[in-house]
Amino acid sequence: TSAYSSPAKSLGDPGITPLSPSHIAKDSDADDAVEQLFLVVVAIDFGTTSSGYAYSFTKEPECIHVMRRWEGGDPGVSNQKTPTTILLTPERKFHSFGYAARDFYHDLDPTESKHWLYFEKFKMKLHTTGNLTMETDLTAANGKKVKALEIFAYALQFFKEQALKELSDQGGSDFENTEVRWVITVPAIWKQPAKQFMRQAAYKAGMASPENPEQLIIALEPEAASIYCRKLRLHQMIDLSSRAPVNGYSPSDTIGTGFTQGKEHVRRNRQSRTFMVENVIGEIWSELEEGDRYIVVDSGGGTVDMTVHQIRLPEGHLKELYKATGGPYGSLGVDYEFEKLLCKIFGEDFIEQFKIKRPAAWVDLMIAFESRKRAAAPDRTNPLNITLPFSFIDYYKKFRGHSVEHALRKSNVDFVKWSSQGMLRMSPDAMNALFKPTIDQIVQHLSEVFDKPEVTNVKFLFLVGGFAESPLLQQAVQSAFGSRCRVIIPQDVGLTILKGAVLFGLDPAVIKVRRSPLTYGVGVLNRFVEGKHPPEKLLVKDGTCWCTDVFDKFISADQSVALGETVTRSYTPAKPSQLVIVINIYSSEQDNVSFITEAGVKKCGTLRLDLTGTDAAVPNRREIKTLMQFGDTEIKAMAVDVATSKSVKVGIDFLNY
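The UniProt record's numbering numbers the first residue of the sequence shown as 1 and each following residue consecutively.
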């Protein structure tokens, strides 16, 4: 049984029944809001491990400015973005974000730090929480809980203030929030509640409001990347599949060296953080013809998601061919394997205690690991050293009564040794083994996508996102799929999504067709047909036999939806004398749904239409039109009483039902 009892039986029946025949009106230009004019578009890439923003003035859309350099920064990690870490005071007030939060937390005395609330890598919670609501909690490093909505709003507010400050400094006068169109990127595979959650957090941060929702666009990460990749020129990418030597290097060299050269080139230009996006379609794109397909694999810290797009000429609009797929296979998986390795050597009981008792030192250890993780490469021969914080060595001795060195000798992990400088020395094989489970999952998932009938004849695979910088991942993808398509990596791969999101904010209409992630419909009553309908759904009202709980489908999961497309159905009150009509909207991940009581069907909206106060002669079969408009990542529904033109609107809501 489902969580919903039969609405028809419980509500004294304000039910509706379809007016046959039901028709669909494709009506894409109705109800288009007047395009607001914003002076600037600011995109925020709110990542699992690191975050950043970029902006462009609508008057000069070919210039994309990446945010100012951040103070702080780690050795071996380019800091164009800042870590997604946030610190609240013991009174739960916002204190700092990014490097500043991490460094301040780190410098606190251990007796004090246990009262402060430090959060990192918290974005994954939105992906992993099955029943996300406005009340969902996040757990700080010290074990205390805070509402997720507050943390996300604090983080977005921080970016809002940073960006407005930078824009004001640049323009010499105060920049108003109303002049900015904000774009926030989210993984395409996030479920609808998580996408809606981001929008609510942004409203709480004051970026936009329910009255003015157009000011904020929620963009999908791989889509943003896709928009940027269209603009790439040849010197801005590394083609892993070019057999010919690139700049005099043979392909085996290029995996590492192309990047080093790329990095040099970027570093020289690092002082100017402005990227010119030429208003042309890049060369690689000009090789694409109408109907060509390509895959964008966005591999970040938390998730990896993939979208398959097809080109539609002449304007080069994109059409999504296969619904976004992926999973939690981001680079965090590698950190997790490292943690498992530490548990194997030092004992899970010790690691758990150490994280709670010395949270700042644990953060330190993971930072040390991060920079070595970035040094891992397929052909590396020399070992990687990871410094153990002094408090780790000290606390271990207290905890176990013997030294870290002893633990390493005793554990049968033979490829991790102790070096006299107080470091863990890992052989390259040991490091590669930490990557293997995550990379295998990515390759496995990609293979499944490649086997789908919609995904034949893919020409290019664009590898983007922070994790795409890993030579191990590059090599694995190239060797698995290089024979099927060309594997391409944009040069400044970690900023691809950010720049694409700015371009998307400047021209949101570039993505024309999406796949619906869910099936949507409304609950209705149908005339009961003996033998066709299950007897337990029979409801007799005034001598008429009705079948209750019928799911009347508006759109199916994975069906193509043009942006702004409206689907219309007509209904009539089941009882002519009804004074109120309640239309419940439901969603499901399944394609074929017959009844709203089936497993997996969730209620996500209610339209209440008042039919009183109509003295005019109302036809006995009163028509109630119901419309659903499939917008960017939001969906709006509306019901109209045709006789009186009364209407009600509602946004589909996944968090509050």
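Glycine is no exception: its CB is placed at the ideal position from the N, C-alpha and C atoms.
All of these numbers come straight from a predicted model, not from anything done at the bench.
| Item | Value |
| --- | --- |
| Taking only the alpha-carbon atoms, compute the straight-line gap between M423 and A509 and give it to the nearest angstrom. | 53 Å |
| Taking the C-alpha atoms as reference points, what is the distance between E150 and A201? | 7 Å |
| In or out: N457 buried (at least 16 other Cβ within 10 Å) or exposed? | exposed |
| Give me the residue from T597, I356 and L408 with the minimum Cα distance to W418. | L408 |
| By alpha-carbon positions, which one of T58, H65 and E211 ends up nearest to G52? | H65 |
| Contact check, K121 vs T84 under 8 Å by CB: the rounded distance? | 7 Å |
| Quick one: Cα of Q475 to Cα of L39, how far? | 42 Å |
| How many angstroms separate the CA atom of L341 from the CA atom of A433? | 10 Å |
| Whole angstroms are fine: how far does the CA of I393 sit from the CA of E589? | 50 Å |
| Helix, strand or coil: how does DSSP classify R270 here? | Model confidence at R270 stands at a pLDDT of 38, short of 50, so the residue's coordinates are unreliable; what they give is reported in the following sentence. In the structure shown, R270 sits in coil (DSSP, three-state: anything other than H, G, I, E or B). |
| Go through the region 417 to 498 residue by residue and report every complete run of the alpha helix (DSSP H) that reaches 4 residues or more, in order. | 428 to 450 and 471 to 481 |
| Taking the Cβ atom as the reference point for each residue, do G301 and G15 lie within a distance shorter than 8 Å? | no |
| Answer with buried or exposed for R608, where buried requires no fewer than 16 other C-beta atoms within 10 angstroms of its C-beta. | exposed |
| What does a CB cutoff of less than 8 Å around V540 pick up in its chain, not counting 5 residues either side in sequence? | W546 |
| Under 8 Å between the Cβ atoms of S331 and F467? | yes |
| Does DSSP put N131 in a helix, in a strand, or in coil? | coil |
| S578 and L611 look like a contact to me (Cβ under 8 Å); what is the Cβ gap, rounded to whole Å? | One point to set straight first is that residue 578 is Gln, not Ser, in the sequence displayed. Indeed, because the Cβ distance is near 6 Å, the residues count as touching under 8 Å. |
| Is the Cβ-Cβ distance between P359 and M306 less than 8 Å? | no |
| Indicate whether A205 and L498 have their beta-carbon atoms separated by less than 8 Å. | no |
| Alpha carbon to alpha carbon, what distance is there between T49 and G76? | Low confidence applies here, because G76 scores a pLDDT of 46, under 50, leaving its location unreliable; read the following figure in that light. Their backbone Cα atoms lie some 15 Å apart in a straight line. |
| Quick one: what does DSSP say L332 is sitting in, helix, strand or coil? | helix |
| What runs of the beta strand (DSSP E), each 3 residues or longer, lie entirely inside the region 504 to 533? | 511 to 515 and 519 to 527 |
| Does the beta-carbon of V561 have 16 or more other beta-carbons within 10 angstroms, so that it is buried, or is it exposed? | buried |
| With three or more C-beta pairs closer than 8 Å as the rule, is the region 212 to 221 touching the region 337 to 352? | no |
| Hey, how far is the Cα of E634 from the Cα of M628? | 11 Å |
| Tell me the DSSP secondary structure of T612 in three-state form. | coil |
| Kindly indicate which three-state DSSP category I652 falls into: helix, strand or coil? | coil |
| Consult DSSP for T572 and reduce its assignment to one of helix, strand or coil. | strand |
| Is it true that the CB of I439 sits closer than 8 Å to the CB of L461? | no |
| My output table needs one value for L563: the three-state DSSP class, helix, strand or coil. | coil |
| Just tell me which of Y336, G327 and P428 has its CA closest to the CA of A377. | P428 |
| Nearest-angstrom Cα distance between I604 and K195? | The residue you asked about is not Ile; residue 604 is Cys in the sequence shown. In a straight line, the C-alpha of C604 is about 14 Å away from that of K195. |
| Determine the direct distance from the alpha carbon of K114 to that of N142, and round the result to whole angstroms. | 6 Å |
| For W546, does the three-state DSSP call read helix, strand or coil? | strand |
| Kindly list the residues whose CB is nearer than 7 Å to the CB of K397, restricted to its own chain and excluding five residues on each side of it in sequence; keep chain order. | S403 |
| My output table needs one value for T111: the three-state DSSP class, helix, strand or coil. | helix |
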